Amino acid sequence: MGAGHGHRLHFHGHSPVHRAPAHLKVLGLLAFMLVVVATPREAYAVFAVEAAVLLAVVLLSRVPLTYLLPRMVIEVPFAVFALLVPFISHGPRTEVLGVSVSEPGLVAGVALLVKGSIGVLAALTLAATTEPQDLLRGLQRLRVPDLVVQIMGFMIRYLDVVTAELGRMMTALRSRGCDPRSPRHWPVLARSLGALFIRSYERGERVHLAMLSRGYDGALPQAERR
Amino acid sequence: MHVPDGFLDAPTSVATGVVAAAAIAVSLRAARRELDDRAAPMAGLVATFVFAAQMINFPVGAGTSGHLMGGALAAVLVGPWTAVLCLSVVLLVQGLLMADGGITALGTNITLIGIVTVAVGWAVFALLRRVLPQRLSVVAPAAAAGAFLSVPVAALVFTGLFAVGGNAPVDLGAVAVTMLGWHTLIGIGEAVVTGLVVASVVATRPDLVHGARPLTAERELVTREVEVA
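See the structure below:
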């Protein structure tokens, strides 16, 4: 279950972007996004170049845009804020399509939306082309502390197990007439979460004992590269 | 909930990144004390639990919903240092594998959600536990109070960051009022859910609740004589 192969956003492939070492991809994403964030608000030509670079990487990865674009809905709450900025900002007003908006607000809102969208698409591209195990090895090479990488590894390993367990609890609650979203049923929901915590904690204890019995001494053996 | 790329300018993002890295380095040393060599698997599973708990939305009003941040909850359940590590790892995984929260905003998100909520939640909880009567029944209300305060304080810190490095010419007072108002509402939800979850764990496995440890250590096994009619 979820050990090593793929995760929810992963798109299987063998493109140069898929095969590039994960630590270079993470560094590249970080450097690219720092440049994007540092780009002045009104430098639209620079934004266009940045978007073109990102699109070139996406094309090179052969992950279809029809796969990536629907997954950009994650930024909707933020996009709503960016669209509100022109209305709630101060400064000289200007008319757009017959509506009075703040001029600096409009510039800022557009820049927020562009930077945010480039960020989400770039992060999606990393997620779609990198397997979790490669990402962990990449972080190790970037000298991320070993304990952090190990905790991440365990989280990725048990993510599907624990969320599936929560899903089964929710199904059981619903089939007994409980609506987990309603505050009226929060006591029941909270007891389920308490039970989930105890189960997760005890699973951690069992995993630890199982690892000790297989010779765990605080460091994980290096996984062989497939 | 998560801050995306481009919301704060580059210097502010880098500065919060440094703060986050320093806090994680300190927590790494201290978490070994809280969990000894079990640290990796235990913190990993607790991080997974926090992630799962964050998936549950509750309605805030006006058709929008908030979700649990879990900082105070994790701090009371597993101790503040482990909690910082767990929440930071959750944010790392969300940023790198789920495109949730920008990579340049990772430091900001870890500082706000991973450090501020845990620190405030734990500080309020520890203070109340010291002041209130030394009984197991105070653990859950104290945790709820910590959770309630942790959310608006995180919102205030965000407003402060926005004042320093915000990328939108929005009136700061308005930002502060909206953020505070909104997050007080979310804080109420956070407090109720945190209090109820802690209460249910205290009721069944008080030995697992890190924040209840000074209270459980003093309990003795008592055999009561019962008269059978």
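Line order of the protein sequences matches chains A and B. In terms of the numbering used here, the first sequence opens at residue 3 and continues consecutively. In terms of the numbering used here, the second sequence opens at residue 108 and continues consecutively. Just so you know, even glycine gets a beta-carbon here, dropped at the ideal spot from N, CA and C. Note that the structure is predicted; figures quoted are calculated from it, not measured.
Judged by their CB atoms, Val60(A) and Leu70(A) are nearer to each other than the 8 Å cut-off. In the DSSP secondary-structure assignment, Thr96(A) is bridged to Val103(A). Ala160(B) places its beta carbon 8 Å or farther from that of Gly186(B). Fully contained in the stretch 149 to 177 of chain A is no alpha helix (DSSP H) run of length 4 or more. Beta-bridge pairing by DSSP links Asn164(B) to His174(B). The beta carbon of Gln152(A) falls within 8 Å of a beta carbon belonging to chain B, placing the residue at that interface. In chain order, Met157, Leu161, Val164 and Thr165 make up the part of chain A whose C-beta sits under 9 Å from the C-beta of Phe158(B). A Cβ of chain A is located within less than 8 Å of the beta carbon of Asp116(B). Around Leu56(A), the same chain offers Ile120, Leu123 and Ala124 as residues with beta carbons nearer than 7 Å, after the five sequence neighbours per side are excluded. Under a 10 Å Cβ-count criterion, Gly228(B) is classified as buried, with 16 or more other Cβ atoms of the shown protein chains found around its own Cβ. About 18 Å separates the beta carbons of Cys193(B) and Ala233(B), which is beyond the 8 Å limit, so they are not a contact pair. Beta bridge pairing from DSSP links Leu115(B) with Gly273(B). The Cβ-Cβ distance between Val109(A) and Glu52(A) does not fall below 8 Å. DSSP places Ser17(A) outside both helix and strand once states are collapsed to three, so it counts as coil. Residues of the same chain with a CB within less than 7 Å of the CB of Ser104(A), apart from the 5 flanking positions on each side, are Pro88, Ser91, His92, Gly93 and Arg95 in chain order.
Within the same chain, Val245 and Ala249 come within 7 Å of Leu239(B) by CB-CB distance, once the 5 residues on both sides are set aside.
A distance below 8 Å separates the beta carbons of Ser194(A) and Met171(A). At a cut-off of 8 Å between beta-carbon atoms, Pro72(A) makes no contact with chain B. Two segments are said to touch when three or more pairs of C-beta atoms, one from each, lie closer than 8 Å; by this definition the stretch 315 to 323 of chain B does not touch the stretch 280 to 290 of chain B. Contact of Gly113(B) with chain A is assigned, a C-beta pair being separated by under 8 Å. In this structure, the straight-line span from the alpha carbon of Pro79(A) to that of Thr323(B) is close to 44 Å.
Under the 8 Å criterion on CB atoms, Glu52(A) is classed as non-interfacial with respect to chain B. If you compare the alpha carbons of Arg320(B), Thr330(B) and Arg331(B) with that of Glu141(B), the shortest gap goes to Arg320(B). Secondary structure of Ser120(B) (DSSP, three-state): helix. In the DSSP assignment, Ile90(A) falls within the unbroken alpha helix (DSSP H) covering Val78 to Ile90.
Taking CB atoms only, Met176(B) has no neighbour in chain A less than 8 Å away. At a Cβ-Cβ threshold of 8 Å, Val200(B) and Ile158(A) count as neighbours.
Contact between Ala212(B) and Val110(B) holds: their C-beta atoms lie close to 4 Å from each other, under 8 Å. Taking a C-beta distance under 8 Å as the contact criterion, Gly15(A) and Ser63(A) qualify as a contact pair. Within chain B, the residues placing a beta-carbon under 8 Å from that of Glu77(A) are Pro111, ordered along the chain. By the criterion of a C-beta distance shorter than 8 Å, Gly302(B) is surrounded in its chain by Ala247, Pro248, Ala250, Ala251 and Ala254, once the five residues flanking it on both sides are discounted. With respect to the 8 Å criterion, Val28(A) and Ile131(B) are not classified as neighbours on the basis of their beta carbons.
Counting other Cβ atoms within 10 Å of its Cβ, Pro259(B) reaches 16 or more and is therefore classed as buried.
Rounded to whole angstroms, the separation of the alpha carbons of Leu292(B) and Thr132(A) is 38 Å. Within chain B, the residues placing a beta-carbon under 9 Å from that of His92(A) are Pro276, Val277 and Asp278, ordered along the chain. At least one CB atom of chain A sits nearer than 8 Å to the CB of Leu184(B).
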